[in-house]
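Enquirer: I have a structure I would like to understand better, so I am pasting it below and will then ask my questions one at a time.
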Amino acid sequence: MMPASEHGRPPALALRGIDKAFDGKPALSGADFSLAWGEVHALVGENGAGKSTLMNVATGVYAADGGAQSVDGRSVPLRGPGDAIAAGLGMVHQHYRLVNRFTVAENILLALGSQGAARSLREAAALAAEKSREVGLSIRPDAVIATLSIAERQRVEILKVLLLGARIVILDEPTAVLTDGEAEALFSFTRRLAGQGHAVVLITHKLREVAAHSDRVTVMRQGRTVLAGKPTAEISIAEVARHAVGDPLTRVERPLSRPGAVCFTVEDLVVRRDDGTVPVDGLSLSLCASEVLGIAGVGGNGQQELVDCLAGLLPPAGGRITLSGDDLAPQSIRERRRRGLRVVPSDRFDAGLVRDMSIAENLALTGVREGRYGSALLLNRRRMRDAALGAIERFAIHGAAPGRTTGLLSGGNAQKVLLARELDDGLKVLVAHSPARGLDVKAAQSVHALIKQAVEQGAACLLISEDLEEVMALSHRVAVMNRGRIAGTVPVAEATPAWIGERMIGHA
Numbered sequence: 352m353m354p355a356s357e358h359g360r361p362p363a364l365a366l367r368g369i370d371k372a373f374d375g376k377p378a379l380s381g382a383d384f385s386l387a388w389g390e391v392h393a394l395v396g397e398n399g400a401g402k403s404t405l406m407n408v409a410t411g412v413y414a415a416d417g418g419a420q421s422v423d424g425r426s427v428p429l430r431g432p433g434d435a436i437a438a439g440l441g442m443v444h445q446h447y448r449l450v451n452r453f454t455v456a457e458n459i460l461l462a463l464g465s466q467g468a469a470r471s472l473r474e475a476a477a478l479a480a481e482k483s484r485e486v487g488l489s490i491r492p493d494a495v496i497a498t499l500s501i502a503e504r505q506r507v508e509i510l511k512v513l514l515l516g517a518r519i520v521i522l523d524e525p526t527a528v529l530t531d532g533e534a535e536a537l538f539s540f541t542r543r544l545a546g547q548g549h550a551v552v553l554i555t556h557k558l559r560e561v562a563a564h565s566d567r568v569t570v571m572r573q574g575r576t577v578l579a580g581k582p583t584a585e586i587s588i589a590e591v592a593r594h595a596v597g598d599p600l601t602r603v604e605r606p607l608s609r610p611g612a613v614c615f616t617v618e619d620l621v622v623r624r625d626d627g628t629v630p631v632d633g634l635s636l637s638l639c640a641s642e643v644l645g646i647a648g649v650g651g652n653g654q655q656e657l658v659d660c661l662a663g664l665l666p667p668a669g670g671r672i673t674l675s676g677d678d679l680a681p682q683s684i685r686e687r688r689r690r691g692l693r694v695v696p697s698d699r700f701d702a703g704l705v706r707d708m709s710i711a712e713n714l715a716l717t718g719v720r721e722g723r724y725g726s727a728l729l730l731n732r733r734r735m736r737d738a739a740l741g742a743i744e745r746f747a748i749h750g751a752a753p754g755r756t757t758g759l760l761s762g763g764n765a766q767k768v769l770l771a772r773e774l775d776d777g778l779k780v781l782v783a784h785s786p787a788r789g790l791d792v793k794a795a796q797s798v799h800a801l802i803k804q805a806v807e808q809g810a811a812c813l814l815i816s817e818d819l820e821e822v823m824a825l826s827h828r829v830a831v832m833n834r835g836r837i838a839g840t841v842p843v844a845e846a847t848p849a850w851i852g853e854r855m856i857g858h859a
């Protein structure tokens with residue numbers, strides 16, 4: 352029996368004995384969850400523990416194979432997301448579902464139109480403005496989504512679910528790409544929302560967030576509920592971590608290899624945006640074989656444009672990019688890959704993987720044009736499947752099968768699919784942008800271990816990350832990027848917080 356909410360009211364949401372499998376592999380096994388009205392409830396666990404899957408069942412995205420669900424004490428069999436919306440459930444996913452070319456009001460109208468809540472753009476804008484004032488979210492209805500920050504887009508998604516009538520709001524890893532200030536603003540909002548009588552589920556693996564911003568915590572591991580609804584004030588973060596991980600963590604040390612000869616250089620690189628601004632302005636660096644050069648710095652100092660230029664997505668306005676003596680600047684993306692350059696982007700689904708394609712298809716994407724799987728017109732699906740099976744085993748991609756849709760994987764396992772494709776035999780230089788962003792501790796360590804192994808086998812790695820712990824853990828040398836340039840480079844042993852902080856000063 353699930354516990355009742357305060358004042359004797361039934362739970363806002365109760366899930367009992369939920370089972371769910373994909374391709375015969377269990378993702379949830381008898382999972383339980385109970386949410387009270389007026390609380391912020393943290394749902395914690397490693398990537399792949401089943402947190403998002405359980406909430407996707409609750410919101411009708413997936414159909415459960417077994418178990419029961421109730422909302423405010425009433426049984427709610429869900430046949431799809433429409434039933435969940437009607438029952439008052441709304442989920443804000445990690446990857447926002449907005450049309451970037453539309454305004455906020457147009458996106459709201461798109462969401463509300465099927466419900467008949469808004470019949471015109473003017474009505475949608477008025478509803479958005481009214482609701483944003485009511486809940487304390489600052490949103491301009493006429494703003495184009497593409498011009499908004501990540502935090503502002505998140506507010507639009509929250510506004511959408513509230514306007515659709517959500518009394519139960521589920522936030523899936525909401526601070527994964529937010530700054531500390533933006534995260535604090537979000538948590539102030541969730542507390543306000545709970546205070547107004549809503550119920551909030553916070554899916555997270557950041558234990559500091561659990562301690563500071565939740566009333567109760569539920570922990571999942573391997574598809575099961577291992578700690579159910581414990582008051583946050585009554586449990587230590589160490590105890591939450593023990594339940595989530597289940598076994599001791601092994602710290603991944605930096606690669607044991609000794610850096611070799613210089614194999615990759617960037618000289619006086621300049622990158623200019625379409626609006627005329629120059630995010631990368633005279634940047635130079637060098638990278639040796641069997642070495643990790645970690646670039647630290649506050650986001651927005653040209654890191655993304657540097658990665659895009661190295662990958663071939665943005666043309667350089669000046670300077671040279673040299674790999675093994677060859678100038679890559681005029682080369683195509685395909686030619687850069689042929690010469691050994693690989694890129695792991697900061698957003699695995701936005702620029703690395705195709706969410707709706709299978710794991711086998713994602714793994715084969717870069718090999719089709721090279722003829723590894725037959726011709727582009729007649730693919731050898733059996734060869735693709737066999738290659739995927741081998742990669743799944745070598746890279747320990749949990750919950751994976753060649754035909755499974757990649758978007759169904761946890762963040763850590765999706766990142767392993769991306770690394771399995773990029774860390775191939777032709778790898779010479781890996782450009783890794785925040786490779787562990789949004790991953791829990793154990794998944795991050797798995798990703799770091801794969802990068803470490805590639806470097807120990809002779810590859811060079813340019814690691815770009817705002818996570819200083821990630822940079823310090825993996826790098827042989829550390830550089831700081833500020834205002835589009837390298838502000839200094841030293842061996843990792845000399846990269847003290849004071850040295851790094853001095854070179855970050857002056858960030859605009």
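Going by my numbering, the first residue of the sequence shown is number 352, and it counts up by one from there.
For glycine and all other residues, C-beta sits at the position ideal for the given N, C-alpha and C.
Since I believe G401 is in contact with A387 (beta carbons under 8 Å), could you give me their beta-carbon distance rounded to a whole number of angstroms?
Expert: For the purposes of this step, residue 387 is taken as residue 36 along the sequence shown, with counting starting at 1. For the purposes of this step, residue 401 is taken as residue 50 along the sequence shown, with counting starting at 1. Not really, about 21 Å apart at Cβ, beyond 8 Å.
Enquirer: Should L537 be counted as a contact of the ligand PLP given a C-beta to heavy atom distance under 7 Å?
Expert: With respect to the ligand PLP, the structure shown offers nothing to examine, as it has no ligands at all.
Enquirer: Return the Cβ separation of Q766 and V719 in integer angstroms, given the expectation that the two are a contact with Cβ distance under 8 Å.
Expert: Position 415 of the sequence shown, counted from the start, is the residue given in the question as residue 766. Position 368 of the sequence shown, counted from the start, is the residue given in the question as residue 719. So it is not a contact: roughly 22 Å between Cβ atoms.
Enquirer: Going by C-alpha distance, which of A365, A363 and G399 is nearest P377?
Expert: As a position in the sequence shown, residue 377 is number 26, starting the count at 1. Closest option to P377, Cα to Cα, is G399.
Enquirer: Based on the DSSP output, what are the partners of I646 in its beta bridges?
Expert: Numbered from 1 along the sequence shown, position 295 holds the residue referred to as residue 646. Paired residue(s): I815 and A830.
Enquirer: Within this structure, are the beta carbons of I509 and V551 separated by less than 8 Å?
Expert: The residue you call residue 509 lines up with position 158 of the sequence shown. The residue you call residue 551 lines up with position 200 of the sequence shown. Their beta carbons are not under 8 Å apart, which means I509 does not touch V551 by this criterion.
Enquirer: Following the continuous beta strand (DSSP E) through G381, name the residue where it begins and the one where it ends.
Expert: Position 30 of the sequence shown holds residue 381. Unbroken beta strand (DSSP E) run through G381: K376 to L386.
Enquirer: Where does G857 land, buried or exposed, given buried means 16+ other C-beta within 10 angstroms?
Expert: Sequence index remark: in the sequence shown, residue 857 carries index 506 (1-based). Summary for G857: the model assigns pLDDT 48, below 50, so the residue's position carries little reliability; its value from the coordinates is reported in the next sentence. Residue burial is scored here from C-beta neighbours: G857 has fewer than 16 other C-beta atoms within 10 angstroms and is therefore classed as exposed.
Enquirer: Any idea if P295 is buried or exposed, counting beta-carbon neighbours within 10 angstroms, 16 or more meaning buried?
Expert: This structure leaves residue 295 out entirely; the chain is present only between 352 and 859.
Enquirer: Under a three-way DSSP split, which group does G417 fall into?
Expert: Taking the first residue of the sequence shown as 1, we reach residue 417 at position 66. In the structure shown, G417 sits in a strand (DSSP, three-state: E or B).
Enquirer: Would you kindly check if the distance between the Cβ of A771 and the Cβ of R736 is under 8 Å?
Expert: Within the sequence shown, numbered from 1, the residue matching residue 736 stands at position 385. Within the sequence shown, numbered from 1, the residue matching residue 771 stands at position 420. Result no, Cβ atoms of R736 and A771 do not sit closer than 8 Å.
Enquirer: For M352, which residues of its own chain have a beta-carbon under 8 Å away from its beta-carbon, when the five flanking residues on both sides are left out?
Expert: Along the sequence shown, one-based indexing puts residue 352 at 1. Low local confidence applies: a pLDDT of 34 at M352 is under 50, so the model's placement there is unreliable, with the coordinate-based value given in what follows. Nothing listed; no residue qualifies.
Enquirer: Please classify H784: does DSSP put it in a helix, a strand, or coil?
Expert: As a working mapping, residue 784 is identified with position 433 in the sequence shown. Strand, per DSSP.
Enquirer: Select from S587, A844, R732 and Q573 the residue whose C-alpha is nearest the C-alpha of R559.
Expert: Here the question's residue 559 lines up with position 208 in the sequence shown. Looking from the CA of R559, the closest CA among S587, A844, R732 and Q573 belongs to S587.
Enquirer: Using the three-state DSSP reduction, which class does L600 fall into: helix, strand or coil?
Expert: In the sequence shown, residue 600 corresponds to position 249, counting from 1. Residue confidence for L600 is low, a pLDDT of 48 falling below 50, so the modelled location carries little weight; the figure read from the coordinates is stated next. Here L600 sits in coil by DSSP.
Enquirer: Tell me where the alpha helix (DSSP H) around D370 begins and ends.
Expert: Here the question's residue 370 lines up with position 19 in the sequence shown. Counted as a single uninterrupted DSSP element, the stretch harbouring D370 is not any alpha helix (DSSP H) but the beta strand (DSSP E) occupying residues L364 to F373.
Enquirer: With H, G and I counted as helix, E and B as strand and the rest as coil, what does DSSP make of E721?
Expert: Your numbering for residue 721 matches position 370 in the sequence shown. The answer is coil: DSSP assigns E721 none of H, G, I, E or B.
Enquirer: Within 8 Å of any Cβ in chain C, is that where the Cβ of Q654 sits?
Expert: Checking the listed chains, one finds no chain C in this structure; it contains a single protein chain.
Enquirer: DSSP on H799, reduced to helix/strand/coil?
Expert: To locate residue 799, count along the sequence shown from 1; it is residue 448. Of the three classes helix, strand and coil, the one that applies to H799 here is helix, per DSSP.
Enquirer: Got a sec, what are the start and stop residues for the alpha helix (DSSP H) P848 sits in?
Expert: What you label residue 848 is simply residue 497 of the sequence shown in a count that begins at 1. From DSSP, the alpha helix (DSSP H) with P848 extends over P848 to M855.
Enquirer: Excluding five sequence neighbours on each side, which residues of the same chain lie with their C-beta closer than 7 Å to the C-beta of L600?
Expert: The sequence position of residue 600 within the sequence shown is 249, counting from 1. With a pLDDT of 48 at L600, under the threshold of 50, the modelled position of that residue is not reliable, and the figure given next carries that caveat. Same-chain partners within the cutoff: V792, K793 and Q796.
Enquirer: DSSP on A550, reduced to helix/strand/coil?
Expert: Residue numbering aside, residue 550 sits at position 199 when the sequence shown is read from its first letter. Correct three-state label for A550: strand.
Enquirer: Is F746 helix, strand or coil by DSSP?
Expert: As a working note, residue 746 is residue 395 in the sequence shown. It is coil, neither helix nor strand.
Enquirer: Going by DSSP in three states, F615 sits in which element: helix, strand or coil?
Expert: Here the question's residue 615 lines up with position 264 in the sequence shown. Here F615 carries a strand assignment [DSSP, helix/strand/coil].
Enquirer: Provide the residue(s) that pair with S426 in DSSP beta bridges, ordered along the chain.
Expert: By 1-based counting over the sequence shown, the position of residue 426 is 75. S421.
Enquirer: Evaluate contact between the segment 498-513 and the segment 475-487, counting only Cβ atoms and requiring at least three cross-stretch pairs below 8 Å.
Expert: yes
Enquirer: What does the Cβ neighbour count give for I501, buried or exposed, with the cut at 16 atoms within 10 Å?
Expert: Position 150 of the sequence shown holds residue 501. Exposed, since its Cβ has fewer than 16 Cβ neighbours within 10 Å.
Enquirer: Using only alpha-carbon positions, find the residue among L657, A680, V780 and L714 that is nearest to A612.
Expert: Translated into positions along the sequence shown, residue 612 becomes position 261. Ranking L657, A680, V780 and L714 by Cα distance to A612 puts V780 first.
Enquirer: Assuming R448 and D632 are in contact, meaning their beta carbons sit under 8 Å apart, how far apart are those beta carbons, in whole angstroms?
Expert: In the sequence shown, residue 448 corresponds to position 97, counting from 1. In the sequence shown, residue 632 corresponds to position 281, counting from 1. The pair is not a contact, with the Cβ atoms about 36 Å apart (cut-off 8 Å).
Enquirer: Considering only the alpha carbon of each residue, which of G516, R367, G375 and V391 lies closest to F384?
Expert: One-based indexing of the sequence shown puts residue 384 at position 33. Looking at the Cα atoms, R367 is the closest of the given residues.
Enquirer: So, under 8 Å CB-CB, G762 and L790 are touching, yes? Tell me the CB distance rounded to an integer number of Å.
Expert: As a working note, residue 762 is residue 411 in the sequence shown. As a working note, residue 790 is residue 439 in the sequence shown. That pair is a contact at about 6 Å.
Enquirer: Write down the C-beta distance between D374 and G725 rounded to the nearest angstrom, noting that I regard them as a contact closer than 8 Å.
Expert: Mapped onto the sequence shown, residue 374 falls at position 23. Mapped onto the sequence shown, residue 725 falls at position 374. Rounded, the Cβ-Cβ distance is 24 Å, inconsistent with contact.
Enquirer: Kindly list the residues whose CB is nearer than 7 Å to the CB of R491, restricted to its own chain and excluding five residues on each side of it in sequence; keep chain order.
Expert: In the sequence shown, residue 491 corresponds to position 140, counting from 1. If we look at R491 and ignore the five residues flanking it on each side, its Cβ neighbours are V455.
Enquirer: Does DSSP classify T410 as helix, strand or coil?
Expert: Numbered from its first residue, the sequence shown carries residue 410 at position 59. Correct three-state label for T410: coil.
Enquirer: Would you please state the rounded distance, in angstroms, between the beta carbons of V831 and I851? I believe it to be under 8 Å.
Expert: Position 480 of the sequence shown, counted from the first residue, corresponds to residue 831. Position 500 of the sequence shown, counted from the first residue, corresponds to residue 851. Correct: roughly 6 Å between the Cβ atoms.
Enquirer: In three-state terms, what does DSSP make of V512?
Expert: Along the sequence shown, one-based indexing puts residue 512 at 161. If DSSP states are grouped into helix, strand and coil, V512 belongs with the helices.
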